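J.:
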Amino acid sequence: MVIRKKLSFFVLAFLCMTVLVAQPTLKIDYSRPGPEIPKSMYGIFFEEINHSGDGALYAELIRNRGFEEHVFISGCEYKAGFVYAPQSPNYITNKLSNWRHPWDIEKLKYTAWKLNKNAGEASYAVVDENRLHPATPHSMRIDIEKTGKEGTVDLVNEGYWGVPVEKGEKYDLRFYVRKSEKYKGGVTARIVSSDDKILAEKKFQIEKEGWQEFTSVLKTSGTDSKASLQLCFDAPGTVWVDYVSLFPKKTFRNRENGLRRDVAQKLADLKPAFIRWPGGCIVEGATIENRVKWKETLGDPMTRRGEWDLWNYRTTMGFGYHEFLQFCEDIEAEAMFVTNVGLSCRFRNGDYVDESQLPVYIQDICDAIDYAIGDGTTEWGAKRMKAGHSKPFPLKYVELGNENWGVRYTEIYTKFYNVLKPKYPQIEFISSIGFGDDETRLGEVDMIDPHWYVKSDFFWKNTHLFDNKERGKYKVYVGEYACNQEVGSGNMEAALSEAAFMTGMERNSDLVTMSSYAPLIENSNRRDWCTNMIWVNNEQVIGRSSYYVQQLFSQNRPDTNLKVLSVGEPVQGKVEVIAGYDYQKGETVIKVVNGESEKLDLIFELLATSIRAKGRIITLSAASGKDENSFEIPLLISPQEISYDKFAREFTYNFKPYSLTVLRIKTSL
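Just so we're aligned, residue 1 is where the sequence shown starts under the UniProt record's numbering, counting upward by one.
1) Between the Cα of E209 and the Cα atoms of K203, E181, V338, G306, which residue gives the shortest distance?
2) Looking only at its own chain, which residues have a Cβ that is under 7 angstroms from the Cβ of S221, when we skip the five neighbours before and after it?
3) Three or more C-beta pairs under 8 angstroms: does that hold for the region 231 to 249 against the region 347 to 361?
4) Can you check which of these residues, V593, M385, N254, G34, is closest to Q572 by C-alpha distance?
5) What is the C-beta distance between A273 and A333, in whole angstroms, given that I count them as a contact (C-beta under 8 angstroms)?
6) Three or more C-beta pairs closer than 8 angstroms, one from the region 40 to 58 and one from the region 108 to 128: is that the case here?
7) Does DSSP classify H138 as helix, strand or coil?
8) Using three-state DSSP, classify V21 as helix, strand or coil.
9) Give a yes or no on whether the C-beta atoms belonging to Q551 and D269 are separated by under 8 angstroms.
10) Is it buried or exposed for E598, if we count other Cβ within 10 angstroms and need 16 for buried?
11) Could you check which residue in R314, W311, G318, L310 has the C-alpha nearest to that of K295?
12) Measure the C-alpha to C-alpha separation of I144 and E289 and round it to an integer number of angstroms.
13) Cα separation between A125 and R141?
14) Work out the CA separation of R253 and R260 for me, nearest whole Å.
15) When you compare only the Cα positions, how much space is there between I92 and Y413?
16) Which partner residues of W277 appear in the DSSP bridge assignment?
17) Okay, do the region 440 to 453 and the region 388 to 395 touch, 3+ Cβ pairs below 8 angstroms being the bar?
18) Nearest-angstrom Cα distance between H138 and G66?
19) Output needed for H101: all residues of its chain with C-beta closer than 6 angstroms, excluding positions within five of it in sequence on either side, in chain order.
20) Would you list the one or two residues that DSSP bridges to A189?
21) Is DSSP giving E60 helix, strand or coil here?
22) Leaving out the 5 sequence neighbours to the left and right, which residues in its chain are closer than 7 angstroms to R32 when beta-carbon positions are compared?
23) Enumerate, from N- to C-terminal direction, the unbroken beta strand (DSSP E) stretches of 3 or more residues contained entirely within the region 459 to 526.
24) Does DSSP classify F14 as helix, strand or coil?
25) Taking the alpha helix (DSSP H) that Y413 falls in, what are its first and last residues?
26) Hey, quick one: how far does the beta strand (DSSP E) through P164 stretch, first residue to last?
27) Quick one: what does DSSP say I633 is sitting in, helix, strand or coil?
28) Distance check for Q426 and F10, CA to CA, integer angstroms please.
29) In this structure, how does DSSP classify E256 when only helix, strand and coil are distinguished?
30) Using the rule of at least 16 other Cβ atoms within 10 Å of the residue's Cβ for burial, across every protein chain shown, is V478 buried or exposed?
31) Below 8 angstroms, can you find three or more Cβ-Cβ pairs linking the region 617 to 629 to the region 581 to 590?
32) Are L246 and Y171 touching if we call contact CB-CB under 8 angstroms?
33) Using 10 angstroms around the beta-carbon of E522, count the other beta-carbons present and answer buried if the total reaches 16, otherwise exposed.
34) Mark Y658 as exposed unless 16 or more other C-beta atoms lie within 10 angstroms of its C-beta, in which case mark it buried.
35) Using C-beta distances below 7 angstroms, list every residue in its chain close to G162, excluding the 5 sequence neighbours before and after it, in chain order.
36) Is H101 a contact residue of the ligand COA, with contact defined as CB to any heavy atom under 7 angstroms?
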């Protein structure tokens, strides 16, 4: 256990302690409030990783719905089981890159699909013929020689580890079929349980040889988290199938092409000030052509080509730019759009565009801003209005690049900023650099974005990391951070270290004005990152201990910091204390993080005009630092609130081991 130096008499809004020597008195001083804590302080960051969108937040139930899963990574070529990026200099090292990725074409083609012949004679193949839409050229061809004993040949989709349905609920079905002249039958759509019971079905007639769209609302007679969708064909001949989609009728705010209600509500319950989208590394892409192209995420989902995402699966981009902006509006969060600036991920190919091409990227950013907030006189503002949203969306931030550093990036940032800021002065343009040499090379910048993925000890030892950072040049957005080392898939030890670090951010809110934990969501069947805030399967959505830390800080954000003065023998170790004042509610808000295995007694003296005895205490605690929530016990670690009637000018409170505690005390200044 590391012993820190004694605290000075005056400590601005924090304390660090380890060995319980005595009960210190902590005076809360109201005479000179510290920095204001902006509403923007706590937000969330969404990236398509761990199947966090497709298979979790995005409500689509059909996987590989457009039969495009096998399409090569943009900007790459296939050779002997691998896709290869073009050889080009890495923008950081200037060395030739030779990035490649294994690629099993045949396996990818049939992701989530299979053909039940039912003792008939039939075959199927993903083909590029008779295209439904040029952006999504592939379809499934089924050649039926004869039907079997069941009278049908069935094309089956198993969804994202099952197609979850609930008894009595309705589901929007949409799919396309075309037939050969020989085929004289129809098609029956069925939702079938994992034990082969038909839960819903609808028969359609195929009346022409060209592409025909079929839609229906299916109401299920049972509940099954591992059901399947089956398209059943009942005659010899050839049929082609494309874009098969099944959505729960009830989405978040009942939006078309919407979000899974329970997952979206879990995010809304954090009360995030902003949402950062779409990444993350996928913004950069494994190659420059593999970057997120926001314009390709607009419009009818059937026309969206999707893209392989460098977390090693193809994303539909169903949760696209418009849906992101709409979700921000729905939960009253501001929007942060992260955009590529002509550089791909330095840890993959690291290729970059020629300087002569940069104006194209700048214009693309202008178009994105106009789509969000432009009026009808702008091309892309008019497109937003045509899409049914006449008012501007709440776009406030644009981050230029993600985890891009080095001389080339800082030069690009300056060029982009000098064009964009005069045109859109209301937008805050964030640089993706952190602290270090690069910041000295930047010219004018609104905000920088340092990231930390570290051990718990780092966060405990760096609670004052921001105390002596230079003020006035820029603000700081801590866009990605988490304790993700030596804590397994996450535990209370990790969560409390993050809470300790957050006290340092909140205390330095004149510098750090925004933050977001990362990654946000994990489908429990697909883990690309070791620790994630929210876990999802087809039946449940649960918050890790880190989720509740974020929620407590967000829901208990005061308006301004208050000084915490330590009097008497101090205590040292894994304890942090900050205080602030909520003017609207007339409450003093004290947060105490106790990362120790022992209870902690603290004496508080409130130097306020008046103090009401009755208030609230919210505690997040665990029996052990190794404890964590699970699908079996989802609320093992969750906030517990009590009414407390012993607040006074001077009072003592006993804080649990391994805990984050929030005291809310009615006080007059």
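By construction, the Cβ of each residue, glycine as well, lies at the ideal position given by its N, Cα and C atoms. Source: prediction; values computed, not measured.
T.: Quick look at the numbers:
1) E181
2) K167, L199, A200
3) no
4) V593
5) 6 angstroms
6) no
7) Look at H138 here: in three-state DSSP terms it is coil, with no helix or strand label.
8) With a pLDDT of only 44 at V21, under 50, the local geometry of the prediction cannot be trusted, and no value is derived from it.
9) yes
10) exposed
11) G318
12) 39 angstroms
13) 5 angstroms
14) 10 angstroms
15) 15 angstroms
16) According to DSSP, W277 bridges with F337.
17) no
18) 7 angstroms
19) V83
20) When beta bridges are read from the DSSP output, A189 appears opposite K202, L231.
21) coil
22) K563
23) 475 to 478, 480 to 483, 512 to 517, 521 to 523
24) Confidence in F14 is poor, its pLDDT being 40 and thus under 50, which makes the residue's placement unreliable; the coordinate value appears in the next sentence. Coil at F14, not helix or strand.
25) 406 to 423
26) 163 to 165
27) If DSSP states are grouped into helix, strand and coil, I633 belongs with coil.
28) Any reading at F10 needs caution, since the residue's pLDDT is 35, under 50, leaving its predicted position unreliable; the model's value is listed next. Each residue's alpha carbon lies about 39 angstroms from the other.
29) coil
30) buried
31) no
32) yes
33) buried
34) buried
35) S225, K226, A227, N538
36) Ligands displayed in this structure: none; no statement on the ligand COA is therefore possible.
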